[in-house]
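*Asks:* Dumping the structure here so I can ask a few things about it.
Here is the structure:
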């Protein structure tokens, strides 16, 4: 490292709901199993917006503070990280300097029941990069163990395309797996932003189910159609319940994957579920839901919360991407000092597909 590399730049949330600050920090030095990654691409995610705002919407509109979940500020956000290996701790094996890698950010503490079976994304005391520890809105990021790195190769995929796989792609993949679809199923994908588009590609490639894409934005719906949705529904312009019931021969949807997961969207979801249907809730917009408790057993619904995916899921996803089965839609690229602008654009719904920061 040259002298000026001992200090790195990072876009940080110092106070919630205030502009991000570009700060100079000491560049970490990896020890043991740690690896220092020079960040080339860091995806911009709705989770980053929630961490920046400092809350999620809870029951009755009450805010659920990120600090109550264990988030501490100042924080460098960014959990969709792809880059090159800069330096390695003395115990690292199988990786070498300048190799191109994707980082698995959903790191657990290692000993809880979820971690013990390889589901670190569901850890009781998570240590996720960009949420509980400093992430990828920076020139460098320290990864605590080389096992969290997946090689993406020099020729297979660039880092902009790869970065969204670790959250947008992984979350979509986990949700599609939880929906457990068959080729005869009708599935409604609610929300056709970056995650919704990835799920459409995955449903089409992996399950063969019939896809009904739903959003309130015609531009996003046109992209969804291009990416493989069989039918598109603008739920602002037409009654979503009536539309889905008619499109499914009055039976209803076999599964719904809701990437919005707000009160209004889930209330509609519940009205067009088929008997035995699965409702997979993914988005973090929040709110509350009133349920008909009698309908739950008599119609045998399954309501499933789905949060990102395992390291093994990400390995599978990278393999699918390398073979061209799926490809994230990267629509906007930003410099590090534009990180705040990127978050605002995402919050305002002005990013179709995925935004990426290139430090």
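Residue numbers (the numbering used here): 712 to 1070. The C-beta atom is built at its ideal place from N, Cα and C for all residues, glycine as well.
1. Measure the CB-CB distance between residue 844 and residue 1018 and report whether it falls below 8 Å.
2. Return the CA-CA distance between residue 722 and residue 1005, expressed in angstroms with no decimal places.
3. Is the Cβ-Cβ distance between residue 923 and residue 897 less than 8 Å?
4. Going by CA-CA distance only, name the one from 936, 1009, 755, 785 that's closest to residue 1067.
5. Checking 8 Å against the spacing of the C-beta atoms, do residue 793 and residue 873 come in under that value?
6. Any contact between the segment 779-797 and the segment 741-761? By contact I mean 3 or more CB pairs, one from each, below 8 Å.
7. I need the DSSP call for residue 920, collapsed to helix, strand or coil.
8. Taking the alpha-carbon positions, what's the residue 778 to residue 765 distance?
9. Could you tell me which residues DSSP puts in a beta bridge with residue 772?
10. Mind checking whether the beta-carbon of residue 724 lies closer than 7 Å to any heavy atom of the ligand PLP?
11. Report, in whole angstroms, the separation of the C-beta atoms of residue 991 and residue 966, which I expect to be a contact under 8 Å.
12. Alpha carbon to alpha carbon, what distance is there between residue 1053 and residue 1059?
13. With respect to the alpha helix (DSSP H) encompassing residue 1006, which residues constitute its N-terminal and C-terminal limits?
14. What does DSSP give as the partner residues of residue 797 in its beta bridges?
15. With three or more beta-carbon pairs closer than 8 Å as the criterion, would you say the segment 880-889 touches the segment 940-958?
16. Out of 824, 876, 849, 847, point me to the one whose CA is closest to residue 837's CA.
17. According to DSSP, simplified to helix, strand and coil, what is residue 835?
18. How long is the line joining the alpha carbons of residue 863 and residue 1016, rounded to whole angstroms?
19. How big is the Cα-Cα spacing for residue 728 and residue 783?
20. Considering only the alpha carbon of each residue, which of 900, 725, 941 lies closest to residue 926?
21. Can you look up residue 980 in the DSSP assignment and give me helix, strand or coil?
22. Name the DSSP beta bridge partners of residue 969, please?
23. Taking residue 1023 as part of the alpha helix (DSSP H), name the residues at either end of that continuous run.
24. So, using beta-carbon positions, are residue 970 and residue 907 closer together than 8 Å?
25. Near residue 998, what residues of its chain come up, given a Cβ to Cβ distance below 6 Å and the 5 sequence neighbours on each side ignored?
26. In three-state terms, what does DSSP make of residue 712?
27. Using the rule of at least 16 other Cβ atoms within 10 Å of the residue's Cβ for burial, across every protein chain shown, is residue 934 buried or exposed?
28. Measuring alpha carbon to alpha carbon, tell me which residue in 814, 928, 917 is nearest residue 875.
29. Where DSSP assigns a beta bridge to residue 719, which residues make up the other side?
30. Buried or exposed for residue 1011, please, with buried defined as at least 16 other CB atoms from any protein chain shown within 10 angstroms of its CB.
31. Among all the DSSP beta bridges, which residues are the ones paired with residue 1068?
32. Ends of the alpha helix (DSSP H) at residue 889?
33. Taking 8 Å as the threshold, find out whether the segment 741-748 comes into contact with the segment 850-857 through three or more Cβ pairs.
34. Is the beta carbon of residue 902 sitting closer than 8 Å to the one on residue 994?
35. What's the call for residue 919, buried or exposed, on a 16-neighbour Cβ count within 10 Å?
36. Which residue marks the beginning of the alpha helix (DSSP H) containing residue 939, and which one marks its end?
*Replies:* According to the data block:
1. For the purposes of this step, residue 844 is taken as the residue at position 133 of the chain shown. For the purposes of this step, residue 1018 is taken as the residue at position 307 of the chain shown. No, they are not a contact pair.
2. The residue labelled residue 722 in the question sits at position 11 within the chain shown. The residue labelled residue 1005 in the question sits at position 294 within the chain shown. Cα to Cα, residue 722 sits roughly 50 Å from residue 1005.
3. Here residue 923 is taken as the residue at index 212 of the chain shown, counted from 1. Here residue 897 is taken as the residue at index 186 of the chain shown, counted from 1. Yes; because the gap between Cβ atoms is below 8 Å, this pair is in contact.
4. By one-based count along the chain shown, residue 1067 stands at place 356. Of the candidates 936, 1009, 755, 785, the one whose C-alpha sits nearest the C-alpha of residue 1067 is 755.
5. Reading the chain shown from its first residue, position 82 is the one you call residue 793. Reading the chain shown from its first residue, position 162 is the one you call residue 873. Result yes, Cβ atoms of residue 793 and residue 873 sit closer than 8 Å.
6. yes
7. In the chain shown, the residue the question calls residue 920 occupies position 209. Residue 920: coil per DSSP, three-state reduction.
8. Numbered from its first residue, the chain shown carries residue 778 at position 67. Numbered from its first residue, the chain shown carries residue 765 at position 54. Their backbone Cα atoms lie some 7 Å apart in a straight line.
9. Walking along the chain shown from the start, residue 772 turns up at place 61. In the DSSP assignment, residue 772 forms no beta bridge with any residue.
10. Absence of the ligand PLP from the depicted structure is noted, as is the absence of any ligand whatsoever, leaving it without description.
11. Residue mapping note: residue 991 aligns to position 280 of the chain shown, counting from 1. Residue mapping note: residue 966 aligns to position 255 of the chain shown, counting from 1. The C-beta distance from residue 991 to residue 966 rounds to 7 Å, short enough to fall under 8 Å.
12. Working through the chain shown from its first residue, we reach residue 1059 at position 348. Working through the chain shown from its first residue, we reach residue 1053 at position 342. Answer to the nearest angstrom: the Cα atoms are 10 Å apart.
13. In the chain shown, counting from the first residue as 1, residue 1006 sits at position 295. For residue 1006, the enclosing alpha helix (DSSP H) covers residues 1006-1009.
14. Taking the first residue of the chain shown as position 1, residue 797 is located at position 86. Residue 797 pairs with nothing; no bridge assigned.
15. no
16. As a first step, residue 837 is located in the chain shown; it is residue number 126 there, counting from the start. Comparing Cα positions, the closest option is 824.
17. Position 124 of the chain shown, counted from the first residue, corresponds to residue 835. In the structure shown, residue 835 sits in coil (DSSP, three-state: anything other than H, G, I, E or B).
18. Position 152 of the chain shown, counted from the first residue, corresponds to residue 863. Position 305 of the chain shown, counted from the first residue, corresponds to residue 1016. If you take the alpha carbons of residue 863 and residue 1016, they lie about 29 Å apart.
19. The residue given as residue 728 occupies position 17 in the chain shown. The residue given as residue 783 occupies position 72 in the chain shown. Going from the Cα of residue 728 to the Cα of residue 783 covers about 14 Å.
20. As a first step, residue 926 is located in the chain shown; it is residue number 215 there, counting from the start. Nearest C-alpha to residue 926: 900.
21. Here residue 980 refers to the residue found at position 269 when the chain shown is read from its first residue. Residue 980: helix per DSSP, three-state reduction.
22. Taking the chain shown and counting its residues from 1, one reaches residue 969 at position 258. Note: residue 969 sits in a beta bridge opposite 901, 992.
23. Numbered from 1 along the chain shown, position 312 holds the residue referred to as residue 1023. From DSSP, the alpha helix (DSSP H) with residue 1023 extends over 1022-1033.
24. The sequence position of residue 970 within the chain shown is 259, counting from 1. The sequence position of residue 907 within the chain shown is 196, counting from 1. It is a contact, given that the beta carbons lie within the stated cut-off.
25. Here residue 998 is taken as the residue at index 287 of the chain shown, counted from 1. Closer than 6 Å at Cβ, skipping near neighbours: 768, 973, 974.
26. Numbered from its first residue, the chain shown carries residue 712 at position 1. Residue placement at residue 712 cannot be trusted, given a pLDDT of 44 that sits under 50; what the coordinates show is reported in the next sentence. Residue 712 falls in the coil class under three-state DSSP.
27. What you label residue 934 is simply residue 223 of the chain shown in a count that begins at 1. Buried, since its Cβ has 16 or more Cβ neighbours within 10 Å.
28. Position 164 of the chain shown holds residue 875. The option with the nearest alpha carbon to residue 875 is 814.
29. By one-based count along the chain shown, residue 719 stands at place 8. Per DSSP, 736.
30. Residue mapping note: residue 1011 aligns to position 300 of the chain shown, counting from 1. Exposed, because fewer than 16 other Cβ atoms sit within 10 Å of the Cβ of residue 1011.
31. Numbered from its first residue, the chain shown carries residue 1068 at position 357. For residue 1068, which the question treats as bridged, DSSP gives the partners 753, 1045.
32. The sequence position of residue 889 within the chain shown is 178, counting from 1. Taken as a continuous stretch (DSSP letters only), the alpha helix (DSSP H) holding residue 889 covers 879-890.
33. yes
34. Position 191 of the chain shown, counting from 1, holds the residue named residue 902. Position 283 of the chain shown, counting from 1, holds the residue named residue 994. It is a contact, given that the beta carbons lie within the stated cut-off.
35. Position 208 of the chain shown holds residue 919. The residue is exposed, with fewer than 16 neighbouring Cβ atoms inside 10 Å.
36. The count along the chain shown starts at 1 and reaches residue 939 at position 228. Run containing residue 939: none; DSSP gives neither H nor E here.
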